[in-house]
Amino acid sequence: MPVKIIAELTQEYEGDPSLAKLLAKAGVVSGADVIKFQCVFADDTAVPSYHYYDLFKKLEMPFEVWKSIFGIVKEAGKEFYLNIGGQQRLEIAEKLGVDGVRLHVTNFFNTDLIKAAIKSFPMVYVSVEFPLMKFRN
4 MPVKIIAELT
14 QEYEGDPSLA
24 KLLAKAGVVS
34 GADVIKFQCV
44 FADDTAVPSY
54 HYYDLFKKLE
64 MPFEVWKSIF
74 GIVKEAGKEF
84 YLNIGGQQRL
94 EIAEKLGVDG
104 VRLHVTNFFN
114 TDLIKAAIKS
124 FPMVYVSVEF
134 PLMKFRN
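In the numbering used here, the protein residues as written are 4 to 140.
As structure tokens, this is what we get:
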């Protein structure tokens with residue numbers, strides 16, 4: 004498998020479609036092979052009482068915006084990946100036909116989502132994180 008450079012744009016767009024499109028263009032001209040965003044929907048991520056729920060709501064963008072961003076990336080001949088973490092985001096990635104997805108470590112045991120992603124996309128990444136440990140001599 005060849006090494007690919009990924010422009011990791013996560014949620015830097017802050018729910019602003021214009022900024023998201025600008026970031027996509029920046030990722031394209033950066034020379035990266037892959038442009039990757041984090042698609043966020045609050046109800047896929049948290050319960051309304053969670054203290055970051057309102058922040059997640061502000062990051063939401065409709066399908067038409069994602070379609071436009073996808074078009075910018077694909078028109079430039081680059082691959083487009085999305086971070087997904089729930090059914091709504093899975094469906095957007097499927098409708099777009101993205102080249103790959105990444106699942107956050109919080110979905111490590113979400114076997115239904117992992118299986119659906121493997122079935123739907125040619126490239127699936129699942130994060131694995133380990134706590135920092137202090138070692139003694």
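Every residue, glycine too, gets a C-beta built ideally from N, C-alpha and C.
query: Contiguous alpha helix (DSSP H) assignments of at least 4 residues, all confined to the segment 7-83; result: 20-32, 45-48, 56-62 and 66-78
query: Reduced DSSP secondary structure (H/G/I, E/B, other) of V127; result: strand
query: Range covered by the alpha helix (DSSP H) that runs through E94; result: Q90 to L99
query: Supposed contact pair Y84 and G103 - C-beta distance, whole angstroms, cut 8 Å; result: 4 Å
query: Cutoff 8 Å; reference F44; Cβ partners in own chain excluding five residues on either side; result: F59, E63, G89, Q91 and R92
query: Which of helix, strand or coil DSSP assigns to N113; result: coil
query: Own chain partners of H2 with C-beta closer than 7 Å, once the 5 adjacent residues on each side are dropped; result: Given a span of 4 to 140 for the chain in the structure shown, any question on residue 2 remains unanswerable.
query: Minimum C-alpha distance to R105 - residue among F112, I75 and I117; result: I117
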